[in-house]
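Undergrad: Numbering (the working numbering), first residue to last: 337 to 911. Backbone N, C-alpha and C fix where the C-beta goes; we use that ideal spot for every residue, glycine too.
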Amino acid sequence: MVVRSLLAVTMFASVGLAQELGSQVRHERKVMVPMRDGVGLATDLYLPDAPGKHPVVMTRSPYGRAGLGGLADKLAAAGYAGVWQDVRGRFDSEGEWVPFVHEADDGYDAIEWAAKQPWSDGRVVMLGGSYVAMVQWLAAKRHSRHLAGLITLVSPGDFYENFMWEGGAFAFGAGAMWSTYVDGKANVDLDQLPWDSALRKLPLTEVVKAVGHNPPALGQWIQHPTYDAYWKALSWNDDFPSFDFPVLHIGGWFDIFQRGTIDNFQRMTARAKPAARSRQNLVIGPWGHTTYEQTKTGDVDFGAGSVLGLEPMVMRWLDRNIRGKTDQPAMAPVRVFVMGENQWHDYPTWPVPGMQPVEYFLQSDGKANGDGGNGKLAREQPQSRESADRFRYDPANPVPTHGGGNCCWPNLIPWGPMDQRPIESRADVLVYTTAPLDRDVTVLGPVTLQLWAASSAVNTDFTGKLVDVAPDGYAMNLTDGIQRATHRLSDASPRPLVPGQPTELTVDLWNTGYMFKKGHRIRLEVSSSNFPRYDRNLNTAELPETGSTFITADQTVYHDRTRPSRLVLPVVQPR
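Here it is, written out as structure tokens:
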């Protein structure tokens, strides 16, 4: 996935770099690297103009290898051989383009080819962001002995649970737009397509047809709404025990793959071969998808200190982990930017030491609807007879996406932190808020909503959103999530709701790093839609992705003594 000119690797490009480096680098353009079935993949080489064999840094991209030479030239000048490749079926590469499906075998074949070249020392590191990170994990599934490390920027942890589906809900906006963007040999200009009139069409496949496309990949994803063999074949979750290489994991708090980036780091540190576990590095900044070198995300400017300088970090990581240079201090295993405080902090592990889950209970007199309601968040357990809150969810009028961890075209689906007051004015959004804080409260880690709810429908969704409320009323979203009720127990075997029956659901609100300052308030929003980030649940027995009719649903949220709905925050005490 990509944000037009903000490809994850172009952040390193500099004008005139090749001329600046002069004779230090030599280029070979459009080398057709053969795959096992004879298909040739177009590849540009950036080679040190020096004798000997060199470690290889490889990028495999569906977005076009041209124009990504800034970093490749610098790497070559520093003694790394650069291999920049178009994936199968895209741009100058031969074969049929099918997202994800060929990347494991093609990635392995490309690694093996690069390792055997006369300028290679047999070690290959893969580099890139978004789809260019996904191909790294897929190639790793084939276990080439030449794979020496990964540098993954904004990577999902799983194609099902952290890419196309979240809590059983389809990641509609990203799925529809990205599959259209890469529909064919070259990229499609999405800004010229009539998305506003198309997005609400049903079933979902009619949306892309309405903008003049019909990408086969979107139909494939919609045909597999549960975690089945299709998704298992693309998963690398079972492969972690055999991974034996270092990884630099880089992500953003407001990235669509924020949770996946952290999941991959945790799984490598816990399950990879012992020698690899201590060679993992995680960096999370206040960024959206591929906006590492911008200080502003959404409405908020986090200041010059939020930019780390990724190029020197990548070089330093390569020199230490691939060349074995120890002339500089090692990177901390975990480096995260704590928003609100707007400071970087280093930690030895994730979750960070000293983190304690703290429960904030939902309370009200049964009137938590909108910002004028009486919903509260409190540390005290609720009273036994506390009234439940109710709202009506109408798929014809869903709660609009207003910031968050979205991808990949912010002018079409806004991302990052934004003022949530327009959302909180709606009667179908329940709002629960603490009293003004008497001290700073830092939350750093996974956020969870344990929700007791009922619906008049057999299938519906529930959403949660964590918000910081400043003294002037500005309501800044931090992280959010969704849970499709039929997937509350399993993504493999959905079960319908019993209408009217109270049910406990766990809504994963991902992770955040934020200091709620003294005088601010902690807020939770609860509703049933976040559109078009996620598809609208139609509240019927039809699959939302293939259905075309819908009904309204009457939703109830309980928060009494026996059904205590609560927000669980990862609170870290001051150092």
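(1) My output table needs one value for G358: the three-state DSSP class, helix, strand or coil.
(2) Using 8 Å for Cβ pairs, my map puts L383 next to W455. What's the rounded Cβ distance?
(3) Once DSSP output is grouped into helix, strand and coil, what is the label at A510?
(4) Tell me the DSSP secondary structure of Q472 in three-state form.
(5) Express the C-alpha separation of G809 and R897 in angstroms, rounding to a whole number.
(6) Using the C-alpha atoms, what's the distance from S642 back to I759?
(7) Keeping to the same chain, check which residues put their C-beta closer than 8 Å to that of T685; ignore five residues upstream and five downstream.
(8) What span of residues does the alpha helix (DSSP H) with S533 cover, start to end?
(9) Would you list the one or two residues that DSSP bridges to S456?
(10) Sort out for me which residues DSSP pairs A714 with in a bridge.
(11) Going by DSSP, which residues form a beta bridge with I887?
(12) Please classify H479 as buried or exposed, where buried requires at least 16 other C-beta atoms within 10 Å of its C-beta.
(13) Run through DSSP, which three-state label would N873 get?
(14) Determine the contact status of I598 and L618, defining contact as a CB-CB distance below 9 Å.
(15) Between the beta-carbon of F581 and the beta-carbon of A714, is there less than 9 Å?
(16) Rounded to a whole number of angstroms, what is the C-alpha to C-alpha distance between N813 and Y850?
(17) If I measure Cβ to Cβ from G358 and keep anything under 8 Å in the same chain, skipping five residues before and after, which residues do I get?
(18) Put V544 into one of helix, strand or coil per three-state DSSP.
(19) Within 10 angstroms of its Cβ, does P530 collect 16 or more other Cβ (buried), or is it exposed?
(20) Taking the Cβ atom as the reference point for each residue, do F886 and P731 lie within a distance shorter than 9 Å?
(21) Under the rule that 16 or more other beta-carbon atoms within 10 Å means buried, what is V434, buried or exposed?
(22) Kindly confirm or deny that the region 448-464 and the region 486-502 touch, where touching means at least three C-beta pairs closer than 8 Å.
(23) Can you grab the Cα-Cα spacing for the pair W653 / K661, in whole Å?
(24) So, with DSSP's three-state summary, where would you put I658?
(25) Hey, is the region 856-874 in contact with the region 755-773, meaning 3+ C-beta pairs nearer than 8 Å?
(26) Cα separation between D755 and A811?
(27) According to DSSP, is P492 part of a helix, a strand, or is it coil?
(28) Output the boundary residues of the alpha helix (DSSP H) element that contains M851.
(29) Tell me the rounded alpha-carbon separation between L538 and M651.
(30) Can you tell me whether N747 is buried or exposed? The criterion is at least 16 other CB atoms within 10 Å of its CB, across all chains shown.
(31) Would you report the Cα separation of A469 and P835, rounded to the nearest angstrom?
(32) Take every Cβ of the region 865-882, pair it with every Cβ of the region 700-709, and state whether three or more of those distances are shorter than 8 Å.
(33) Would you be able to state if there are at least three C-beta pairs under 8 Å between the region 515-531 and the region 626-646?
(34) Nearest chain C C-beta to Y850 closer than 9 Å, yes or no?
(35) Within 10 Å of its beta-carbon, does G800 have 16 or more other beta-carbons around it, so buried, or fewer, so exposed?
(36) With a cut-off of 8 Å on the beta carbons, I'd call M691 and V908 a contact; round off their distance for me.
TA: The relevant details are as follows:
(1) For the purposes of this step, residue 358 is identified with residue 22 of the sequence shown, where counting begins at 1. Note on G358: pLDDT 47, under 50, position unreliable in the model; no value is reported.
(2) Along the sequence shown, read from residue 1 onward, the residue named residue 383 stands at position 47. Along the sequence shown, read from residue 1 onward, the residue named residue 455 stands at position 119. The Cβ separation is near 5 Å, so the contact holds.
(3) Working through the sequence shown from its first residue, we reach residue 510 at position 174. Looking at A510 - three-state DSSP - the assignment turns out to be helix.
(4) As a first step, residue 472 must be located in the sequence shown, where it is residue number 136. Helix at Q472.
(5) Translated into the one-based positions of the sequence shown, residue 897 becomes position 561. Translated into the one-based positions of the sequence shown, residue 809 becomes position 473. C-alpha separation (whole angstroms): 31 Å.
(6) Position 423 of the sequence shown, counted from the first residue, corresponds to residue 759. Position 306 of the sequence shown, counted from the first residue, corresponds to residue 642. Distance between the alpha carbons of I759 and S642: 28 Å.
(7) As a position in the sequence shown, residue 685 is number 349, starting the count at 1. If we look at T685 and ignore the five residues flanking it on each side, its Cβ neighbours are T605, P669, V670.
(8) The sequence position of residue 533 within the sequence shown is 197, counting from 1. Run containing S533: 531-534, per the alpha helix (DSSP H) assignment.
(9) Start at 1 with the first residue of the sequence shown, and residue 456 comes out as number 120. In the DSSP output, where bridge partners are listed per residue, S456 has H390.
(10) For this step, residue 714 is matched to residue 378 along the sequence shown. DSSP lists F697 as partners of A714.
(11) Counting from one through the sequence shown, the residue named residue 887 turns up at place 551. None; I887 has no bridge partner.
(12) The sequence position of residue 479 within the sequence shown is 143, counting from 1. H479 is exposed by the Cβ-count criterion.
(13) Working through the sequence shown from its first residue, we reach residue 873 at position 537. The answer is coil: DSSP assigns N873 none of H, G, I, E or B.
(14) Counted from its first residue, the sequence shown places residue 598 at position 262. Counted from its first residue, the sequence shown places residue 618 at position 282. Contact flag set, yes.
(15) Locating residue 581 in the sequence shown gives position 245, counting from the first residue. Locating residue 714 in the sequence shown gives position 378, counting from the first residue. It is not a contact, given that the beta carbons lie outside the stated cut-off.
(16) Position 477 of the sequence shown holds residue 813. Position 514 of the sequence shown holds residue 850. Between N813 and Y850, the C-alpha separation is close to 11 Å.
(17) Within the sequence shown, numbered from 1, the residue matching residue 358 stands at position 22. Only weak support exists for where G358 lies, its pLDDT of 47 falling under 50; the value from the coordinates is given anyway. Excluding residues within five positions, none has a Cβ falling inside 8 Å.
(18) Taking the first residue of the sequence shown as 1, we reach residue 544 at position 208. Residue state, collapsed to three classes: helix.
(19) As a working note, residue 530 is residue 194 in the sequence shown. Exposed, since its Cβ has fewer than 16 Cβ neighbours within 10 Å.
(20) Working through the sequence shown from its first residue, we reach residue 886 at position 550. Working through the sequence shown from its first residue, we reach residue 731 at position 395. Yes.
(21) Looking up residue 434 in the sequence shown gives position 98. Exposed, because fewer than 16 other Cβ atoms sit within 10 Å of the Cβ of V434.
(22) yes
(23) Here residue 653 corresponds to residue number 317 of the sequence shown, with the count starting at 1. Here residue 661 corresponds to residue number 325 of the sequence shown, with the count starting at 1. So the two alpha carbons sit approximately 9 Å from each other.
(24) Along the sequence shown, one-based indexing puts residue 658 at 322. Here I658 sits in coil by DSSP.
(25) yes
(26) Along the sequence shown, one-based indexing puts residue 755 at 419. Along the sequence shown, one-based indexing puts residue 811 at 475. For D755 and A811, the distance between alpha carbons rounds to 5 Å.
(27) As a working note, residue 492 is residue 156 in the sequence shown. Of the three classes helix, strand and coil, the one that applies to P492 here is coil, per DSSP.
(28) Looking up residue 851 in the sequence shown gives position 515. No alpha helix (DSSP H) contains M851, which is instead part of the beta strand (DSSP E) from 839-852.
(29) On the sequence shown, position 202 is the one that residue 538 refers to. On the sequence shown, position 315 is the one that residue 651 refers to. Their backbone Cα atoms lie some 48 Å apart in a straight line.
(30) Position 411 of the sequence shown, counting from 1, holds the residue named residue 747. N747 is exposed by the Cβ-count criterion.
(31) Locating residue 469 in the sequence shown gives position 133, counting from the first residue. Locating residue 835 in the sequence shown gives position 499, counting from the first residue. For A469 and P835, the distance between alpha carbons rounds to 42 Å.
(32) no
(33) no
(34) Checking the listed chains, one finds no chain C in this structure; it contains a single protein chain.
(35) Taking the first residue of the sequence shown as position 1, residue 800 is located at position 464. Flag for G800 reads buried.
(36) Taking the first residue of the sequence shown as position 1, residue 691 is located at position 355. Taking the first residue of the sequence shown as position 1, residue 908 is located at position 572. Indeed, because the Cβ distance is near 5 Å, the residues count as touching under 8 Å.
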